[in-house]
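Colleague: Mind having a look at this structure? Questions to follow.
Written out as structure tokens, the structure is:
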């Protein structure tokens, strides 16, 4: 079972899933702020919790903070030849905090605060049901990235926030955020095409054809054509931590059926059933649909590699759960809306149970393994 510090906000979010419509927007916002504060405390103060915690802590206390110079960081940031393997902006924050004498836990709080703030801000702006969007983020994205691969967590939050500049068609601001995101994790480069993908004049039928082609290509591992270019965006320290923490039982791995397949099928079915509703009533629906279905196609093309398939398309696929489903839910009949809410109420509880029995134990998120420096 998950530690109560996670179950408590989870219960609040499940409650809000049904009650948010009857509450004032202001009240809902304050409750969500409270939930985010708990999540910040749980992620920021965690001790030996999460996939890469030991690696990050050792690097902070005796790794690149001692053996890299500001000139090394500058060379990395300006794409000059350098020997740094970790992204420059993450190293810079580490070095500044270390030289100021702060313990490692200040870094985890800073990283969690950036990730949670940017994620919530963009959900608040574009989601018809921020409660649902945060619930999806919490189970399981929060555990995997915010409490685990925190470099990718911050990088992912920045690229998700960048959709504001994509929709406003402000390329330089979008590219600047991409530059910052790359300063935390190389894998965020996968989101660069998003600026142009949103404007593709593709209907759902076009995407379904591309999806079928992607599934058919999956066994041939066509991503190997790109060779070292693909491998270079998944640093070794992260890959080791990830494979020890994640399993194919819930997320899919090397052509085996997993939970990711179920979620992808669920998204496609919802799009098939409610595509017309989305096109007529949901703002930026076509943009989010393009990003989501591109992510699902990418998932199957990369399916032969555990790291690629479960991490690189995630920010795209997340658009469907974070923005498309809430948009559809808010524009259907009351009975259909309650059907959606009831289904996802059960869905997230089942997901929580499965996660608690497997990956939560490996990541030390359970009641008997979770530790926090604030009450240690």
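Numbering (my numbering), first residue to last: 150 to 525.
Quick reminder that beta carbons are idealized off the backbone N, C-alpha and C, glycines included.
1) To the nearest angstrom, how far is it from the Cα of residue 523 to the Cα of residue 253?
2) Tell me, to the nearest whole angstrom, how far the beta carbon of residue 163 is from that of residue 497; I am working on the premise that it is less than 8 angstroms.
3) Would you mind reading off the limits of the alpha helix (DSSP H) that contains residue 248?
4) Taking all protein chains shown into account, decide if residue 317 is buried (16 or more other Cβ within 10 angstroms of its Cβ) or exposed.
5) Less than 8 angstroms between the CB atoms is what I'm expecting for residue 428 and residue 434, so what's the real figure, rounded?
6) Report the three-state DSSP secondary structure of residue 523 (helix, strand or coil).
7) Does the contact criterion of 3 or more C-beta pairs under 8 angstroms hold for the stretch 329-340 versus the stretch 302-319?
8) Quick check for students: name the residue ranges of the beta strand (DSSP E) that lie wholly in the stretch 281-366, counting only runs of 3 or more.
9) Are there 16 or more other CB atoms within 10 angstroms of the CB of residue 183, so buried, or fewer, so exposed?
10) Among 475, 501, 260, 320, which one has its Cα closest to the Cα of residue 90?
11) Got a sec, what are the start and stop residues for the alpha helix (DSSP H) residue 204 sits in?
12) Could you give the distance in angstroms between the alpha-carbon of residue 411 and the alpha-carbon of residue 484?
13) Closer than 8 angstroms by C-beta to residue 473: which residues in its own chain qualify, once you throw out the five before and the five after it? Chain order, please.
14) By a C-beta neighbour count over all protein chains shown, 10 Å radius and 16 as the cutoff for buried, is residue 362 buried or exposed?
15) Enumerate in chain order the residues of its own chain whose CB-to-CB distance from residue 294 is below 8 angstroms, with the five nearest sequence positions on each side excluded.
16) Using the C-alpha atoms, what's the distance from residue 195 back to residue 201?
17) Could you tell me which residues DSSP puts in a beta bridge with residue 185?
18) From residue 562 to residue 157, what does the alpha carbon distance come to, in whole angstroms?
19) Would residue 287 pass as a contact of residue 514 if the rule is Cβ separation under 9 angstroms?
20) In whole angstroms, give me the CA-to-CA distance for residue 452 and residue 216.
21) Is the Cβ-Cβ distance between residue 181 and residue 279 less than 9 angstroms?
22) Could you check which residue in 260, 371, 459, 151 has the C-alpha nearest to that of residue 330?
23) Name the residue from 448, 207, 423, 345 whose alpha carbon lies nearest to the alpha carbon of residue 367.
24) On a CA-only basis, which of 488, 518, 450, 197 is nearest residue 369? Give me that one, please.
25) From residue 282 to residue 152, what does the alpha carbon distance come to, in whole angstroms?
Modeller: Concretely, from the data shown:
1) As a position in the chain shown, residue 523 is number 374, starting the count at 1. As a position in the chain shown, residue 253 is number 104, starting the count at 1. Per the coordinates, the alpha-carbon of residue 523 lies some 13 angstroms from the alpha-carbon of residue 253.
2) Looking up residue 163 in the chain shown gives position 14. Looking up residue 497 in the chain shown gives position 348. With a Cβ gap of about 7 angstroms, residue 163 and residue 497 count as contacting.
3) Taking the chain shown and counting its residues from 1, the one referred to as residue 248 is at position 99. Taken as a continuous stretch (DSSP letters only), the alpha helix (DSSP H) holding residue 248 covers 237-248.
4) In the chain shown, counting from the first residue as 1, residue 317 sits at position 168. By the 10 Å Cβ count, residue 317 comes out exposed.
5) One-based indexing of the chain shown puts residue 428 at position 279. One-based indexing of the chain shown puts residue 434 at position 285. Confirmed, Cβ separation roughly 6 angstroms.
6) The count along the chain shown starts at 1 and reaches residue 523 at position 374. In the structure shown, residue 523 sits in coil (DSSP, three-state: anything other than H, G, I, E or B).
7) Counting Cβ pairs under 8 angstroms, three or more are found: they touch.
8) You should have found no qualifying run.
9) For the purposes of this step, residue 183 is taken as the residue at position 34 of the chain shown. Looking at its Cβ environment, which holds fewer than 16 other Cβ atoms inside 10 Å, residue 183 is exposed.
10) Examination of residue 90 is not possible in this model, given that the chain is present from 150 through 525 alone.
11) As a position in the chain shown, residue 204 is number 55, starting the count at 1. Start and end: 202-211.
12) Residue 411 sits at position 262 when you count from the first residue of the chain shown. Residue 484 sits at position 335 when you count from the first residue of the chain shown. Rounded to the nearest whole angstrom, the CA to CA distance from residue 411 to residue 484 is 24 angstroms.
13) As a working note, residue 473 is residue 324 in the chain shown. For residue 473, where only same-chain residues beyond five positions count, the Cβ hits under 8 angstroms are 416, 419, 420, 427, 431, 434, 437, 438, 441.
14) Counted from its first residue, the chain shown places residue 362 at position 213. That one is exposed.
15) Against the chain shown, residue 294 aligns to sequence position 145. Residues of the same chain with a CB within less than 8 angstroms of the CB of residue 294, apart from the 5 flanking positions on each side, are 264, 301, 302, 305 in chain order.
16) One-based indexing of the chain shown puts residue 201 at position 52. One-based indexing of the chain shown puts residue 195 at position 46. Just so you know, the alpha carbons of residue 201 and residue 195 end up roughly 12 angstroms apart.
17) Here residue 185 refers to the residue found at position 36 of the chain shown. DSSP lists no bridge partner for residue 185.
18) For residue 562 there is no data in the structure shown, the boundaries of the chain being 150 and 525.
19) By 1-based counting over the chain shown, the position of residue 287 is 138. By 1-based counting over the chain shown, the position of residue 514 is 365. A distance of 9 angstroms or more separates the beta carbons of residue 287 and residue 514.
20) The count along the chain shown starts at 1 and reaches residue 452 at position 303. The count along the chain shown starts at 1 and reaches residue 216 at position 67. Spanning the alpha carbons of residue 452 and residue 216 requires a straight line of approximately 37 angstroms.
21) In the chain shown, the residue the question calls residue 181 occupies position 32. In the chain shown, the residue the question calls residue 279 occupies position 130. Cβ distance < 9 angstroms, so residue 181 and residue 279 count as in contact.
22) By 1-based counting over the chain shown, the position of residue 330 is 181. Of the listed residues, the one whose Cα sits closest to residue 330 is 260.
23) Here residue 367 refers to the residue found at position 218 of the chain shown. Residue 448 is the option with its Cα nearest to residue 367.
24) The residue labelled residue 369 in the question sits at position 220 within the chain shown. Taking only the C-alpha atoms, the option nearest residue 369 is 450.
25) Position 133 of the chain shown, counted from the start, is the residue given in the question as residue 282. Position 3 of the chain shown, counted from the start, is the residue given in the question as residue 152. Those two C-alpha atoms are separated by around 22 angstroms.
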